[in-house]
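Engineer: This is the structure I want to talk about, given as structure tokens.
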Amino acid sequence: MLDDEEERRPLLGSNSLFSISPRKLMELVDPKNPALLRKLGGIDAIASALHVDTSNGISDDLYQARQSVFGYNDLPKAKSKSFWRLIVAAYNDKTIIMLTVAAIVSLGIGIGKDYSAEHPPGQPRIGWVEGTAILVAVLAVTLTNAINDYQKERQFRKLNAKKEDKRVTVLRMGREQRINAHDLVVGDILIIEPGDVVLADGLYVTGYNLVCDESSATGESEAVKKHPAGCTCSKDNTANNNIDDDNSDSFILSGSKVLEGVGRVLVIAVGTNSYYGKTMMALRHDPNTSQRQENTPLQLKLDVLAEQIAKFGIVASLTMLVTLTIKYYVTADHPSGTEIASTVVNIVIQTITIIVVAVPEGLPMAVTMALAFATTQMLKDNNLVRVLAACETMGNSTTICTDKTGTLTQNQMTVVKGTLGMEQFTEASAIQDWAQRVDGKIIQLVVEGAAVNSTAYEDVATNDDGKKQFLGSKTEIALLVLANKLGGDYVTIRRHAQIAKLYPFASKKKTMTTIIQLGSTYRAYTKGASEIVLRSCTHYIDAKGETCEMDTEARQQWERVIDKDASEALRTLALAYIDMEQDEYSALRDEDDFPLENLVMIGAVAIEDPLRPGVVESVAAFRRAGVFVRMVTGDNIKTATAIARNAGILTKGGIVLSASELREMSPEEQRQRVRRMQVLARSSPTDKTTVVVRLQELDQVVGMTGDGTNDGPALRLADVGFSMGVTGTEVAKEASDIVLMDDNFNSILKALLWGRTVNDGVRKFLTFQLTVNVAAVVISFVSAVTSNKAESVLSAVQLLWVNLIMDTLAALALATERPTSDLLDRKPASKFAHLINYRMVKMILGQAVFQIAVNLVAVYAGPQIFGISDEAVLRTMVFNIFVFLQVFNEINCRRIDGSLNVFKNITHDWIFVAVQAAVVVCQVIIVTFGGLAFSTVSLTAEQWLITVGIGALSLPVGVIIRLIPDFCEIERRYNEDATPLTSYSRLNWEGAIGQIRNQLRVYSALRKSYHTPASTTAAPANDHHQRRFFSAPVSDTASLKLGDDTPHDYSNSTQEDYGATHDFTPSASSSP
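Be aware that the sequence shown starts at 0, since it is given in numbering that gives the first Met the number 0, and climbs by one per residue.
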């Protein structure tokens, strides 16, 4: 029992306040131990030992003590790599190590020559310079890469910290509060609902129909039905203090997901003591998982390309080694052993340097740097990237399937219209006038129903305006605000209400019901989708508070009300109730679903949720970028159509489908119809998955938004899954690739821009680096082979400086540019597009040939052209020309889209400008003061102008290359643009044709009826025409357009939210 000596022994600190140890609490759940729960006296005894009132939660006086004894609800920060380890990792490169060894050998030989008898007297001893300079260059490259990796790790740590920033709802001092998950302590009463990921171990205290998915914790795929601790396994949630049944699972594991129901949980373990915490700490110490690294598709492509280029460099370097060695031995005139060693070492150093230059180690670094920069900046744009690959994938997305509520709209719902008790108010300001016209019973039903049949609540904290704010479902919040306007106090009503049973809202039921006890009788309040609730009602209540039978006329009147509100882009919600006797309640007490039958209709309210500012412009921007936007929503077809048209999603020729019709189609029919589908109404999470699958079968790159628990499969299946950071469930966030921190559709456009920026940044860097690779290798090879001294015109140290320019600094400059609106002026690239396109090949080959030609001309014709005889000056000018060719070509590589203005928006890319300025300053210093190390001499002002001017020729050459026509239509044949399923211009054309066809059919039908005598009975021919023109089958009517371009087949379906829908199927008298 609790007074046992073991339970009193402190574990993590002073435990004098609590008569149970953290170890015992941990043993309850790992593994689940009902026997120990019984031994400890059950949940009441544990709550008493923790000084918790399960009805009111903890108080603040023992908060610090709980943290000191039972620990904090966070995991120790993973030990990050030290800067020294990063240096070692950056140095751990075969070519760098080989170069270091060669430099050390060169250093030894050079020092030996300086102090040998062969050293000319009076000459400075500079044999150590080259070896030392190479070592310093190696150190500079290593430090630069290490610093870059350190900055990258810091940025990703910030992102991970943002991912872990979660909030939970707890009961403290009798009030529901929203707190940071890190502030959760043992003894807290945690409130959980569908979509939550449980962040601590606990015991189920009370709730309704709680079902959890523990697969992430235990590996068991089957959902687990939970029963309150102290209850039997019956479906009744009322405790009967029988805890002898080991099959009664009341243990809530951290890391599990709530699938259904609501509940209150007594927290018994947090942080490293929890089931999830212990698992994560074990994984951290597992070398098989701790060393795992995430590679994106672009990184994998670049790794393959880098390996291929490295093979080219190795072949070139080995060829150079063999050629120079043979040449030396053929041409050398009885050299001494020291000279042979020195020459061979120099040849080896040049060979290794060629490998260093040729191996594009900067390629993987470029994409990593681009992703690190982009994800950090995207966070400022309210895009939290959870999966790096999504960032680059989003740039080539071809279709976006977006939800409506909270994404396109502001998710600030307000009751603006309503018909309650058959009396209507048409604006929010008229609610008080309405209240004067109806009986008080109706007001009581509305207020009480809104208060008890809801999980929304008022936070104890205030917002920026100093006002209390509601938390929870926005639809329920709108009803609570309505109740407040009618004079209701939801807190008092809830406190005094005796809730007998609650049926939480679920997407498959589209309703929520709460049963309260009224003395010896019971009353059930139901709210939900209008057509579902209305269909379940057999009576309604009128303005006098009297219950009337729901006859055909009354039902049609309610349908007209709901239909009218829905057509105005308003979300409608029906309210109903039913009174029950004890025996009726007992009959349904064990039912998991409330039977929707024989309800009394209170009325329907219309809730307004206006479009977000900028949505129309964002939709137009997506269209301009070649991305097809589709709205997939749970709202009814009329509301969805109105919102889609207002947002600019629904255009002339587009198709509006209901989910039920989509389900009835074969997969092939679905693939055909989804091409032109712009709105899918009354969709369920399963329908979202179907849409994603069909679009992907058509080679589309799909972005999908979702916020519900059941949206997880669609979000995982989509190429890029977007979850809602504000209204989204934890399950949806875990399944998504990117979290929209503001739930805003406009943020998806920013993600598209950043995705294209990442892809473009890598391609820009690739264009630049491959140009330098080819030019440097060819120039070094040719000049070394043709040199009398078997030396390249570019020394090893100079090439290392060039390597630093083209790897680290170029990656920093080109991979960190910010997105511009110009990125929207092109179509998305196909998922099968090559990494290097035709324009890039033109630029790489054209610039490489130009640079090779210019430098070789300068090497061999330089003395005549420049009028100089000093070889050191010539070599310095060639080095300067080569570097400035790269500086200006880097500017040239800013545009890879065929645009001639390479300076556009350059002032906005301060990192690029800063890097270029740093390279120029360093080059001036190297040429002027780096004589010994870099084998340079100072140049005159005229020589500086000549070399910089020749380097600047890269810009006009770039213009000429861009203007080269596509003679063989290579670019057209290898077009990298994704093939659209349809175009908006084609939709407009088909819509216009459809309108004309419909008008001709109507004219034809009217003409035939005009020539038919009125007294004549319907002839077969006429009947045939009438069926043909006015009663087209449901499968055909979807393709027929009205004047507003919406299909006619609005069929039955379900919807994801409370939003009301109204079934409308065209009759024979409708328009065709």
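Beta carbons are placed, not taken as given, at the ideal position from N, Cα and C, and that holds for glycine.
Note that this is a predicted model, so its numbers are computed, not measured.
1) Since E545 sits in a beta bridge, which residues does DSSP pair it with?
2) Buried or exposed: K416, going by 16 or more other Cβ atoms within 10 Å of its Cβ?
3) Just to confirm my understanding: we take A814, look at its own chain, exclude 5 residues before and 5 after, and list those with CB closer than 6 Å. What are they?
4) Looking at the unbroken alpha helix (DSSP H) that takes in A750, where does it start and where does it end?
5) Residues bridged to F250 by DSSP?
6) Taking the straight line between their C-alpha atoms, what separation do you get for M723 and I747?
7) Are the CB atoms of S249 and Y203 within a distance shorter than 8 Å?
8) Which runs of the beta strand (DSSP E) fall wholly inside the segment 690-716 and span at least 3 residues, in chain order?
9) Classify N55 as buried or exposed, calling it buried when 16 or more other Cβ atoms lie within 10 Å of its own Cβ.
10) Per DSSP, L383 forms a beta bridge with which residues?
11) At a Cβ threshold of 8 Å, is I880 touching chain D?
12) Going by DSSP, what residues sit across from H538 in a beta bridge?
13) Using only the alpha-carbon positions, how far apart do G930 and I959 sit?
14) Cβ of V51 within 8 Å of Cβ of A268?
15) Starting from Y71 and walking both ways along the beta strand (DSSP E), at which residues does that stretch end?
16) Would you kindly report the start and end of the unbroken beta strand (DSSP E) that includes L517?
17) Helix, strand or coil for T374? Go by DSSP, reduced to three states.
18) Would you kindly check if the distance between the Cβ of P964 and the Cβ of T397 is under 8 Å?
19) By Cβ distance below 6 Å, which residues in the same chain neighbour A389 in space, the five residues on each side in sequence not counted?
20) In or out: D1022 buried (at least 16 other Cβ within 10 Å) or exposed?
21) So N635 and A680 are in contact, right, with Cβ under 8 Å, and what is the actual spacing, rounded?
22) Where does Y489 sit, in a helix, a strand or coil, going by DSSP?
23) Compare the Cα-Cα distances from S657 to each of I648, R644, N645 and V673 and report the closest residue.
24) Using the DSSP secondary-structure output, state which residues sit across from E607 in a beta bridge.
25) Who are the Cβ neighbours of L873 in its own chain at under 7 Å, not counting the five residues just before and after it?
26) Could you tell me which residues DSSP puts in a beta bridge with Y859?
27) Pick from D380, I353 and A34: whose alpha carbon is nearest that of G754?
28) Tell me which same chain residues have a C-beta within less than 8 Å of the C-beta of V451, skipping the five on either side of it?
29) At which residues does the beta strand (DSSP E) containing T520 begin and terminate?
30) Cutting at 6 Å between CB atoms, please list the residues of its own chain near Y502, excluding the five before and the five after it.
31) Exposed or buried, which one is S982 when buried takes at least 16 other CB atoms within 10 Å?
32) Pop quiz: T350 and L320 are said to be a contact at Cβ under 8 Å. What is the actual Cβ separation, rounded to whole angstroms?
33) With a threshold of 7 Å on Cβ separation, who are the neighbours of I353 within its own chain once the five nearest residues in sequence on each side are excluded?
34) Considering only residues of the same chain and omitting the five flanking positions on each side of T766, which have a CB-CB separation below 7 Å?
35) By the DSSP assignment, the beta strand (DSSP E) with M579 in it spans what residues?
36) Whole angstroms are fine: how far does the CA of I606 sit from the CA of R570?
Structural biologist: A quick look at the data gives this:
1) Answer is none; E545 lacks a bridge partner.
2) By the Cβ neighbour-count rule, K416 is buried, with 16 or more other Cβ atoms within 10 Å of its own.
3) Cβ contact annotation for A814 (same chain, cutoff 6 Å, sequence separation greater than five): A365, M368, A369, G760 and F764, in chain order.
4) Here the alpha helix (DSSP H) through A750 covers F744 to T785.
5) Per DSSP, L202.
6) Rounded to whole angstroms, M723 to I747 spans 11 Å at the Cα level.
7) Contact annotation: Y203 and S249 have beta-carbon atoms nearer than 8 Å.
8) Counting whole runs of 3 or more residues, the segment 690-716 contains the beta strand (DSSP E) stretches 701-705.
9) Label assigned to N55: exposed.
10) In DSSP, L383 forms a bridge with V738.
11) Of the protein chains in this structure there is only one, and it is not chain D.
12) According to DSSP, which records beta bridges pairwise, H538 is partnered with E548 and V599.
13) Computed Cα separation, rounded: 37 Å.
14) Against a cut-off of 8 Å, the Cβ pair of A268 and V51 comes out as no contact.
15) Taken as a continuous stretch (DSSP letters only), Y71 belongs to no beta strand (DSSP E), as it is neither H nor E.
16) In the DSSP assignment, L517 falls within the beta strand (DSSP E) that extends over T510 to L517.
17) Helix at T374.
18) Not in contact: T397 and P964 (Cβ atoms no closer than 8 Å).
19) Excluding sequence neighbours, A389 sits near V719, D736 and I737.
20) Reliability of the predicted coordinates at D1022 is poor, the pLDDT of 41 falling under 50, and the value obtained from them is presented with this limitation in mind. Per the 10 Å Cβ criterion, exposed.
21) The distance from the Cβ of N635 to that of A680 is about 6 Å, consistent with a contact at the 8 Å cut-off.
22) Collapsing the DSSP output to three states places Y489 in a helix.
23) Closest option to S657, Cα to Cα, is V673.
24) Residue pairing of E607 in beta bridges, as defined by DSSP: T413.
25) For L873, where only same-chain residues beyond five positions count, the Cβ hits under 7 Å are G861, P862 and I867.
26) For Y859, which the question treats as bridged, DSSP gives no partner whatsoever.
27) The option with the nearest alpha carbon to G754 is D380.
28) The beta carbon of V451 is closer than 8 Å to those of I492, R493, A496, I498, T513, I515 and Y524 in its chain, skipping five residues each way along the sequence.
29) For T520, the enclosing beta strand (DSSP E) begins and ends at T520 to A528.
30) Cβ within range, chain order: T512 and F593.
31) Under a 10 Å Cβ-count criterion, S982 is classified as exposed, with fewer than 16 other Cβ atoms of the shown protein chains found around its own Cβ.
32) Right, the Cβ-Cβ distance comes to about 4 Å (below 8 Å), so this counts as a contact.
33) Excluding residues within five positions, the ones whose Cβ falls inside 7 Å are G312, A315, S316, M319, V776 and S779.
34) Cβ within range, chain order: M839, M842, I843, C892 and I895.
35) From DSSP, the beta strand (DSSP E) with M579 extends over R570 to M579.
36) Approximately 5 Å, taken between the alpha carbons.
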